[in-house]
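Below is one structure; the comments refer to it alone.
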Amino acid sequence: MSLSFLVVVVPVLGAACQTLAPAGSLRAARGCAAAFAALELALCALAALLFDRYDPAVQLATARPWIDTLGIGFRTGFDGVSLWLLFAGALVALCCVLYPRGMEGRPREYYFWLFLLEAAFAGILVSRDMFLLGAFWIAYAVPVYFLEGLREGEQDGAAASGHLIYSVATSALMMAAITALYTLAKARSFSARDIFQAGASLSGGAQCWIFAAFMAAAAARAPLPPFHSWLGGSLRRAPASGAAIFGFGAITGVYLALKAAAVLPGGAFGLSWPLLTLCAASALYCAALAVSAEEMQTAVAWSGAAFSAVLLAGAVSGSVTARAGAVLGACCAGAAAAALLLLGDALRQRFQNPLSARGLLQSMPVFSALFIVCAASLAALPPTGGFAGVYLALAGLFPGYPWHAAAGMAAVLAVALLAALACRRLLWGDFDAGLQTPDIRPLEAAAIVPLAVFTVLCGIYPKLLLDYIVPAVTELERLLN
Numbered sequence: 000m001s002l003s004f005l006v007v008v009v010p011v012l013g014a015a016c017q018t019l020a021p022a023g024s025l026r027a028a029r030g031c032a033a034a035f036a037a038l039e040l041a042l043c044a045l046a047a048l049l050f051d052r053y054d055p056a057v058q059l060a061t062a063r064p065w066i067d068t069l070g071i072g073f074r075t076g077f078d079g080v081s082l083w084l085l086f087a088g089a090l091v092a093l094c095c096v097l098y099p100r101g102m103e104g105r106p107r108e109y110y111f112w113l114f115l116l117e118a119a120f121a122g123i124l125v126s127r128d129m130f131l132l133g134a135f136w137i138a139y140a141v142p143v144y145f146l147e148g149l150r151e152g153e154q155d156g157a158a159a160s161g162h163l164i165y166s167v168a169t170s171a172l173m174m175a176a177i178t179a180l181y182t183l184a185k186a187r188s189f190s191a192r193d194i195f196q197a198g199a200s201l202s203g204g205a206q207c208w209i210f211a212a213f214m215a216a217a218a219a220r221a222p223l224p225p226f227h228s229w230l231g232g233s234l235r236r237a238p239a240s241g242a243a244i245f246g247f248g249a250i251t252g253v254y255l256a257l258k259a260a261a262v263l264p265g266g267a268f269g270l271s272w273p274l275l276t277l278c279a280a281s282a283l284y285c286a287a288l289a290v291s292a293e294e295m296q297t298a299v300a301w302s303g304a305a306f307s308a309v310l311l312a313g314a315v316s317g318s319v320t321a322r323a324g325a326v327l328g329a330c331c332a333g334a335a336a337a338a339l340l341l342l343g344d345a346l347r348q349r350f351q352n353p354l355s356a357r358g359l360l361q362s363m364p365v366f367s368a369l370f371i372v373c374a375a376s377l378a379a380l381p382p383t384g385g386f387a388g389v390y391l392a393l394a395g396l397f398p399g400y401p402w403h404a405a406a407g408m409a410a411v412l413a414v415a416l417l418a419a420l421a422c423r424r425l426l427w428g429d430f431d432a433g434l435q436t437p438d439i440r441p442l443e444a445a446a447i448v449p450l451a452v453f454t455v456l457c458g459i460y461p462k463l464l465l466d467y468i469v470p471a472v473t474e475l476e477r478l479l480n
């Protein structure tokens, strides 16, 4: 049994074990969940150690027949792109397990759906069969809906329902596109290799229509307008589950865009101008919403959406540099946004009105340090991985699309200004000496510190990830040419 198969099985087993945990016991449910989440992260780390970073081929693979008559199989494997995206997602999942804020009253249900979400997330990244990829993509929408619905409230229900509608509609569209690709191109099977070879043989018009369907599914996950209305309500009231949903969504959106551009080069080229224009406009729009937000959770959500729009533009461009930057940035965006959502909740537990907090650098130095690091990563500031990823994405985009790159840079600068103002207001404001607030608690630190360390490591030593990512992206470019 290969590692690429195990990373899908382990979260499923973690969900199954939650059904055996005592009802209402947070400690028992969290202990069981932490063991499986740590095992998943360890498997990802082991895969990175066993992976030959200089070989762009799929490694640690599994191939099992499923529906032989249609050429559908359970084909899984790692490449340099999926490996680190999966590692970042597993890290986010572990941290959301350790700090289940907002879900303490229903721990078994929370962990059950969180693990099924992680299983679908892993399945998307390791699938080497397009039918299997579509199946996991559709399955992903189910745990997201129930995670959003665990918190009672009219606003939460509306956001969950809206997200479900967008996910199901675009997932069905993507499955129709996969079926059309298989049928029109007369592929021998649904394996990624056969689909890849067959997709390039389609006419430019057919590729454009099919590619547009894939990008609609990616935009609903990232999310980009017009699929963004669920974002504020979904993340504001359930920080832990919101951190996982947003972290996984940003990663899967960029990954699908990258793969769709590789499978359908004619479609990516034919729609490059309108698609990049949409990404640039979305980045500016989401950055404006972040600047005008009145709550920290909402500001983080819209900042992450603006960040994701810039990365999606890099993923669908024809530049190896931009695509490598998009993958690196997606790893860091998921981690930084998740950490900030958890930090925002920690702040809300200490202040009835978090916006009234001032001078936290004196009273909460550890919190302040973590906030600065994670805000800098989401704002694409050095020395974090967010800066390295966005810089590479925009640098690769600039030669062919300078105006789009300029718009992306403007959105990033707006988010950076928001981060600077937030740090100035929260950390360096007038300190109230009579206000006694505890610093980061051990459990909060266990959940947030690994995410902050990961984003800094990606910025200080991006070569660690790029040595895996660049050969895989270069191989895609070679096959396209």
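Going by numbering that gives the first Met the number 0, the final residue of the sequence shown carries number 480, and the count climbs one at a time with no gaps. Glycine included, every Cβ here is placed at the ideal spot set by N, Cα and C. These figures come from a predicted structure and were not determined experimentally.
- Its Cα nearest to that of Leu417, the residue Trp301 stands out among Ile447, Tyr390, Ala451, Trp301.
- Under the three-pair Cβ rule at 8 Å, the region 451-469 counts as touching the region 320-328.
- Counting the other Cβ atoms within 10 Å of the Cβ of Gln351 gives fewer than 16, which makes it exposed.
- The residues Ala186, in chain order, have a CB closer than 8 Å to that of Gln196 in the same chain once the five nearest residues on each side in sequence are set aside.
- Around the beta carbon of Ala415, a 10 Å sphere encloses 16 or more other beta carbons of the protein chains shown; the residue is thus reported as buried.
- Residue state for Arg52 is assigned as coil, using DSSP reduced to three classes.
- Excluding sequence positions up to five before and after Thr436, its CB lies within less than 7 Å of the CB of Arg349, Ser362, Met363, all in the same chain and listed in chain order.
- Counting along the chain, Gly133 sits inside the alpha helix (DSSP H) bounded by residues 129-148.
- Where Thr61 is concerned, the enclosing beta strand (DSSP E) starts and stops at 58-66.
- Between Ala446 and Leu341, the C-beta spacing is below 8 Å.
- Leaving aside the five residues that flank Ala379 on each side, the residues in its chain whose CB is nearer than 6 Å to its CB run, in chain order, Gly385, Phe386, Val389, Val411.
- Using a C-beta cut-off of 8 Å, the region 115-127 makes contact with the region 7-20, since at least three inter-stretch Cβ pairs fall below that distance.
- Looking at the backbone, the Cα of His162 and that of Ser188 are separated by about 32 Å.
- Across the set Ala409, Gly204, Ala392, the C-alpha of Ala409 shows the shortest separation from the C-alpha of Ala287.
- Here DSSP, grouped into helix, strand and coil, assigns Ser3 to helix.
- If you look at Thr297, you'll find it in the alpha helix (DSSP H) that goes 295-315.
- One Cα belongs to Leu172, the other to Ile137, and the distance between them is close to 10 Å.
- When the beta-carbon positions are compared, Ala279 and Gly407 come within less than 8 Å of each other.
- In this structure Ala60 is in contact with Ser1, their Cβ atoms being roughly 6 Å apart against a cut-off of 8 Å.
- Taking the C-beta atoms as reference points, Val455 is found no nearer than 8 Å to Pro401.
- Buried is the label assigned to Glu39, since at least 16 other Cβ atoms lie within 10 Å of its Cβ.
- As a beta-bridge residue in DSSP terms, Phe77 pairs with Gln58.
- Only buried fits Ile244, as 16 or more other CB atoms lie within 10 angstroms of its CB.
- Gly72 is bridged by DSSP to Pro64.
- Taking 8 Å as the cut-off, the Cβ atoms of Leu180 and Gly198 count as close.
- As the crow flies, the alpha-carbon of Pro470 is around 9 Å from that of Asp78.
- Straight-line spacing of the CA atoms in Thr75 and Arg127 works out to 5 Å.
- Of the other Cβ atoms in all chains shown, 16 or more fall within 10 Å of the Cβ of Asp344; this residue is therefore buried.
- DSSP places Ser24 outside both helix and strand once states are collapsed to three, so it counts as coil.
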